[in-house]
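Heads up: the structure comes next, in structure tokens.
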Amino acid sequence: MRPMTPAHGPEHVRIVLENSLALLDGLDVDSNMVYTVAAYHDVGIRVSREHHEAVSGQWLWEDRELERWFTPEQRLVMRQAVEDHRASRQEPPRNIYGRIVSEADRDLDPERVVRRMIEYSKAHWPQWSDEEHILRTIEHVKDKYSESGYLHLWLPCPRNERGLVILREWLKSGELAERCRKYL
135 MRPMTPAHGP EHVRIVLENS LALLDGLDVD SNMVYTVAAY HDVGIRVSRE
185 HHEAVSGQWL WEDRELERWF TPEQRLVMRQ AVEDHRASRQ EPPRNIYGRI
235 VSEADRDLDP ERVVRRMIEY SKAHWPQWSD EEHILRTIEH VKDKYSESGY
285 LHLWLPCPRN ERGLVILREW LKSGELAERC RKYL
């Protein structure tokens, strides 16, 4: 098993849980299912970063304790939601629970996004210079969050929409590099 990086540790899971529950207002969903999906969304990252969503979904499906509280149909919906949450996914999640956890996982607080990217970079490439970590972070922000980036928002969420605008402003103004330096 791979160790958890700070970017995907307990703080991240807590934030995704909180964000998921905050999105429930006005949605006709089961809050226990929302909570379970959020709790499981990244557990597979210790096995495979590349396929963590599939591993996480499989583990949720195979967890016999969940049979006590959820029907097979509910467990299948939750499995699909976990499998569909990944930011790089270009198709919309198959169900509302997938949209909720996807939006909650975006957590587009600009400072937190930059801090998590720097933490991830330092954990995976400790031999790199500060400038290399900054350049990698800037490139990743461009690839993911720019107007032509791969990130999609699947539910209305003003907080994430505002965060996306700020990240794009930092990219255009050059402020992103300065924000990165705070976390090195």
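Position one of the sequence shown corresponds to residue 135 (the numbering used here), numbered consecutively onward.
Backbone N, C-alpha and C fix where the C-beta goes; we use that ideal spot for every residue, glycine too.
{"Asked": "Would you mind stating whether Leu228 and Gln214 have Cβ atoms separated by less than 7 Å?", "Found": "At residue 228 the sequence reads Arg, which differs from the Leu that was named. Yes, Cβ-Cβ distance for Arg228 and Gln214 is below 7 Å."}
{"Asked": "Is Thr205 helix, strand or coil when you go by DSSP?", "Found": "coil"}
{"Asked": "What is the DSSP secondary structure of Lys316, counted as helix, strand or coil?", "Found": "coil"}
{"Asked": "Using a threshold of 7 Å, state whether the C-beta atoms of Asn166 and Arg240 are closer than that.", "Found": "no"}
{"Asked": "Starting from the Cα of Glu89, find the closest Cα among Glu184, Glu281, Glu309 and give me that residue.", "Found": "As displayed, the chain neither begins before 135 nor continues past 318, which places residue 89 out of reach and without an answer."}
{"Asked": "Note down the Cα distance separating Arg313 from Ala173, rounded to an integer number of angstroms.", "Found": "30 Å"}
{"Asked": "For Asn294, which of helix, strand or coil comes out of DSSP?", "Found": "helix"}
{"Asked": "Taking DSSP as the reference, what is the three-state secondary structure of Asn153?", "Found": "helix"}
{"Asked": "Taking the continuous alpha helix (DSSP H) assigned at Ala238, which residues delimit it?", "Found": "230 to 240"}
{"Asked": "For Leu151, which residues of its own chain have a beta-carbon under 6 Å away from its beta-carbon, when the five flanking residues on both sides are left out?", "Found": "Ala172"}
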